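One structure is given below, encoded as structure tokens.
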Amino acid sequence: MLSDLRLRDFRCFESAAVELGAGFNFFLGQNGEGKTTILEAACVLLRLQSQRSASLAPLIQIGKKTFGVRGDFDGHQLECRYRALHRSVKFDDVEQRNLGEYLRLARVVSFANSDIELVRGGSETRRRYLDFLGAQIENSYRPALRAYERGLRARNALLKSGVPRPRELAVYDRLLIEHGEILGRLRSKTAGALAPLAEMAYARIASGREKLTLRFVAGMEENFAEHLARSRTEETRLRQTVVGPHRDDLELLVDDMAATQFASEGQQRGVALALKIAQAEVFCSMEQTPLLLIDDIFGELDGQRRNALLDNLPAHSQKMVTATAMRWRGEINADAVYELHDREIRRTR
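Here the sequence shown is numbered in the numbering used here, starting from 333 and rising by one per residue.
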């Protein structure tokens with residue numbers, strides 16, 4: 333479990349510290365008080381990435397040059413400091429160059445109202461969902477993703493520069509193929525582990541009245557090299573790479589109809605919950621109980637879906653929950669309750 337968390341110059345907090353219980357930890361306050369920031373800091377500390385932002389730069393408090401998060405997880409002292417273009421990571425006060433040991437320690441699943449964009453939004457949101465899980469399962473996932481993204485950016489810049497020479501493109505073709513094939517296999521494997529768990533979770537949420545189907549849709553053919561070569565005319569016209577893992581997607585069907593187009597808002601929220609519950613269950617199947625970050629979603633759910641979520645959360649997971657109020661407090665036995673007001677954090681239980 334994460335037993336304590338300390339922030340400095342992190343978004344709206346100049347300084348903050350909380351001690352956490354093993355079960356439910358509630359953070360109560362009006363919008364804008366920094367509740368979500370507490371959860372984000374926990375994610376950054378444990379996974380070195382934000383569940384809200386693609387980069388860490390926006391997390392630095394306005395007017396400051398760096399932020400720091402520190403905490404104790406499972407008896408180990410973890411620390412992350414960040415300033416523009418530089419990140420410092422310590423494990424038990426020892427600077428880490430290789431992040432493998434640090435990142436093997438904790439698993440995280442994040443729930444938020446914006447999760448409905450997993451169903452409504454574009455494919456980039458669903459790829460990010462897959463990547464957040466995959467990087468916590470396979471050590472090779474994160475390096476493959478980063479290498480592919482760097483190669484893709486460079487290749488697209490070359491395509492936009494005019495008429496690139498075939499010899500120049502060939503250099504980036506090799507990079508894209510090498511890392512893209514690894515990334516594609518890992519995403520397919522991750523989606524394969526998710527699919528049955530998400531489908532069963534949705535069946536429980538919908539009381540068996542509806543069926544969810546989840547399928548991985550690859551952005552490239554099995555032979556990526558040949559597919560990339562055949563796309564040369566189109567990518568020259570569009571000046572961008574048109575095939576590859578950056579076009580991967582998840583197909584979501586409710587009763588064999590596209591959830592993005594035909595599902596009601598309630599069904600879409602149910603699908604989003606099922607996807608996140610499935611993430612947690614993947615970790616539990618690996619005997620790695622995740623920390624659950626649950627950001628202000630209970631108030632947005634009707635009683636049936638709220639109860640379904642509570643019933644399907646891993647019983648032994650530590651949970652950090654934000655809310656503006658706790659009208660349903662009697663349904664949950666909280667280990668710790670914090671109230672936030674004027675950016676001050678006060679423990680009331």
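Note that the Cβ used here is the ideal one computed from N, Cα and C, for glycine as well.
Only a predicted model underlies this, so the values are computations on that prediction, with no experimental measurement involved.
Any beta carbon from chain B within less than 8 Å of residue i's own beta carbon?
{"i": "Asp627", "result": "Annotation note: the requested chain B is absent from the structure, which comprises a single protein chain."}
Taking the alpha-carbon positions, what's the residue i to residue j distance?
{"i": "Ala557", "j": "Ile537", "result": "42 Å"}
{"i": "Ala666", "j": "His418", "result": "38 Å"}
{"i": "Arg458", "j": "Ala444", "result": "14 Å"}
{"i": "Glu613", "j": "Glu567", "result": "40 Å"}
{"i": "Gly403", "j": "Phe423", "result": "10 Å"}
{"i": "Arg547", "j": "Val586", "result": "12 Å"}
{"i": "Ala668", "j": "Gly400", "result": "24 Å"}
{"i": "Leu501", "j": "Ala479", "result": "16 Å"}
{"i": "Thr592", "j": "Gln650", "result": "32 Å"}
{"i": "Arg579", "j": "Asp588", "result": "22 Å"}
{"i": "Lys397", "j": "Glu542", "result": "51 Å"}
{"i": "Arg436", "j": "Gly453", "result": "31 Å"}
{"i": "Leu378", "j": "Leu623", "result": "9 Å"}
{"i": "Ser493", "j": "Ala655", "result": "49 Å"}
{"i": "Arg287", "j": "Leu584", "result": "With the chain represented from 333 up to 681, any question about residue 287 goes unanswered, as that position is not in the structure."}
{"i": "Thr369", "j": "Val653", "result": "12 Å"}
{"i": "Ile629", "j": "Gly395", "result": "31 Å"}
{"i": "Glu676", "j": "Leu645", "result": "30 Å"}
{"i": "Arg571", "j": "Ile392", "result": "35 Å"}
Helix, strand or coil: how does DSSP classify residue i here?
{"i": "Thr654", "result": "strand"}
{"i": "His648", "result": "coil"}
{"i": "Asp447", "result": "helix"}
{"i": "Ile626", "result": "strand"}
{"i": "Glu619", "result": "coil"}
{"i": "Glu597", "result": "helix"}
{"i": "Val441", "result": "strand"}
{"i": "Glu427", "result": "strand"}
{"i": "Arg571", "result": "coil"}
{"i": "Ala591", "result": "helix"}
{"i": "Arg681", "result": "coil"}
{"i": "Leu380", "result": "coil"}
{"i": "Ala610", "result": "helix"}
{"i": "Glu365", "result": "coil"}
{"i": "Ala373", "result": "helix"}
{"i": "Asn555", "result": "coil"}
{"i": "Arg458", "result": "helix"}
{"i": "Asp299", "result": "This structure cannot settle anything about residue 299, because the visible part of the chain is limited to 333 through 681."}
{"i": "Ala550", "result": "coil"}
{"i": "Arg562", "result": "helix"}
Identify, in the order they occur along the chain, each residue of the same chain with its Cβ nearer than 7 Å to the Cβ of residue i, setting aside the five sequence neighbours on each side.
{"i": "Gly466", "result": "Tyr473, Leu518, Arg519, Thr522"}
{"i": "Tyr504", "result": "Gly483, Ala486, Arg487, Leu490"}
{"i": "His673", "result": "Gly361, Glu365"}
{"i": "Gly602", "result": "Tyr534, Ile537, Ala538, Arg637"}
{"i": "Ala610", "result": "Leu526, Leu529, Ala530, Ala533"}
{"i": "Gln600", "result": "Ile448, Val451, Arg452, Ala591"}
{"i": "Gln428", "result": "Val421, Lys422, Tyr434"}
{"i": "Leu605", "result": "Ile537, Arg637, Leu641"}
{"i": "Asn471", "result": "Gly432"}
{"i": "Asp463", "result": "Leu477"}
{"i": "Cys616", "result": "Pro646"}
Just grab the DSSP bridge partners of residue i for me.
{"i": "Glu351", "result": "Asp336"}
{"i": "Arg415", "result": "Thr398, His418"}
{"i": "Asn357", "result": "Met652, Ala668"}
{"i": "Gly691", "result": "There is simply no residue 691 to check, as the chain begins at 333 and stops at 681 in what is shown."}
{"i": "Thr545", "result": "Leu585"}
{"i": "Arg452", "result": "Paired residues: none, contrary to the question."}
{"i": "Phe345", "result": "Phe342"}
{"i": "His673", "result": "Glu676"}
{"i": "Ile392", "result": "Phe342"}
Leaving aside the five residues before and after residue i along the sequence, list all residues of the same chain whose C-beta is less than 8 Å from its C-beta, in chain order.
{"i": "Leu431", "result": "Leu380, Val421"}
{"i": "Cys375", "result": "Gln381, Ser382, Gln383, Val440, Ser442, Leu625"}
{"i": "Ala354", "result": "Met333, Gln650, Asp667"}
{"i": "Ser335", "result": "Glu351, Leu352, Gly403, Asp404, Phe405"}
{"i": "Ala476", "result": "His511, Ile514, Leu515, Leu518"}
{"i": "Val495", "result": "Thr568"}
{"i": "Val574", "result": "Ser563, Glu566, Glu567"}
Please go through the same chain and pick out, in chain order, the residues whose beta-carbon is closer than 6 Å to the beta-carbon of residue i, but skip the five residues on each side of it.
{"i": "Gln468", "result": "Arg439"}
{"i": "Tyr414", "result": "Leu388, Phe399"}
{"i": "Arg679", "result": "Tyr670"}
{"i": "His648", "result": "Thr621"}
{"i": "Thr545", "result": "Leu585"}
{"i": "Leu607", "result": "Leu450, Ala530"}
**Asked** Along the chain, which unbroken stretches of the alpha helix (DSSP H) at least 4 residues long are found entirely within the stretch 460-536?
**Response** 473-492
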